[in-house]
């Protein structure tokens, strides 16, 4: 739009006063079009005197408008690109921050080549190495020293979960040992998965891995403790189980193994009484060779058992008497008259056999 005289042109309307106050007597307003014909701005030329634009001036104004429109379009594109770059940088910074604060190691590799694209901080710490430019899917096991768990044997490349994912495009999981440059060895559990673009094509594979060395050690300790407890319980049960062995000709023997406390002593007395009565025994041999230590409580328990069977008319014989057992018996200051004590079970059996012949 061109206004040759602001004072007389009816198109100025309410703007006339403001234009005249600014000293504008004539003005030209040219819209700025981009290639798509969208208006991207406008340029206004003001003149201090009323005037008409000649053809050459109109052509120059058109060229100027075209150049200014191109400049504005380019500036808009540049601003958009800068904002896109800033957004991309923010996304990258956010992703790196997230990756470096994850409680797992992360390893990213390019599809096709296996080139290492990224290793987060924890991953580099666990592996003892970060991004190695020489690493690819055929030599991961050499670069990162991947070993079979618990063995001094390198894990073949084709068994590595990452290589399997890069090859098949499918998620995989597994475990391996890593020998770090310092020489120490860690066990990691690995989960790998493909990464696809918008077209569904795999362009990379990612691995998340966790150091389970300490967990495995604690599990091994728990297993060891459990096995030891089971063995101890089995031993305790074996000690608690005190069989009465018939030797024939009215003779029974009870080999006592393990520690002897009040509860077990009561069990022995009851088993001895029931067995002697059921088998009509005439001699009962109590063998204490398997009792690891003896004190007055043990001696008292043995005397109580001997006294109990004597009430049934059964002759008690104590065998396996060691010096500490003898001292404990004497220390009770009781009458041992009539109680046969011998050093071995064999001596007790021979004594019982001689008594039968007499």
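In the UniProt record's numbering, the protein residues as written are 1 to 358. In this text, a Cβ means the ideal position worked out from N, Cα and C, and glycines have one as well. Source: prediction; values computed, not measured.
Could you please give me the residues that DSSP links to residue i through a beta bridge?
i, result
"residue 44", "29"
"residue 194", "205"
"residue 248", "251"
How many Å lie between residue i and residue j at the Cα?
i, j, result
"residue 73", "residue 65", "12 Å"
"residue 122", "residue 103", "8 Å"
"residue 12", "residue 94", "54 Å"
"residue 142", "residue 79", "47 Å"
"residue 358", "residue 267", "Low confidence applies to residue 358: its pLDDT is 48, below 50, so where it sits in the model is not reliable, and the reading given next is rough at best. Distance between the alpha carbons of residue 358 and residue 267: 33 Å."
"residue 127", "residue 119", "10 Å"
"residue 212", "residue 155", "18 Å"
"residue 10", "residue 16", "9 Å"
"residue 97", "residue 208", "16 Å"
"residue 153", "residue 147", "6 Å"
With distance defined between alpha-carbon atoms, name the residue in the options nearest to residue i.
i, options, result
"residue 191", "210, 179, 146, 221", "210"
"residue 320", "327, 68, 277, 289", "289"
"residue 302", "127, 49, 340, 56", "340"
"residue 351", "249, 280, 258", "249"
"residue 205", "77, 172, 152", "172"
"residue 263", "304, 253, 81", "304"
"residue 131", "307, 22, 109", "109"
"residue 57", "2, 97, 39, 77", "2"
"residue 169", "203, 100, 145", "203"
"residue 48", "337, 4, 86", "4"
"residue 180", "157, 223, 198, 129", "129"
Please report whether the beta-carbon of residue i lies at a distance below 8 Å from any beta-carbon of chain B.
i, result
"residue 273", "Judged by its chain identifiers, the structure shown contains no chain B, having just a single protein chain."
Here's the rule: buried if 16 or more other CB atoms are within 10 angstroms of the residue's CB, otherwise exposed. What is residue i?
i, result
"residue 349", "buried"
"residue 139", "exposed"
"residue 359", "The structure shown does not extend to residue 359, since the chain is modelled only from 1 through 358, so no value can be given for it."
"residue 160", "buried"
"residue 39", "exposed"
"residue 270", "exposed"
"residue 346", "exposed"
"residue 242", "buried"
"residue 286", "buried"
"residue 360", "Here the chain comprises residues numbered 1 to 358, so residue 360 is not present and cannot be evaluated."
Task: Any beta strand (DSSP E) of 3 or more consecutive residues that is wholly inside the segment 65–147 - done: 105–110, 116–119
Task: alpha helix (DSSP H) runs wholly inside the UniProt domain "STAS" (241–352), at least 4 long, in chain order - done: 262–279, 296–310, 323–331
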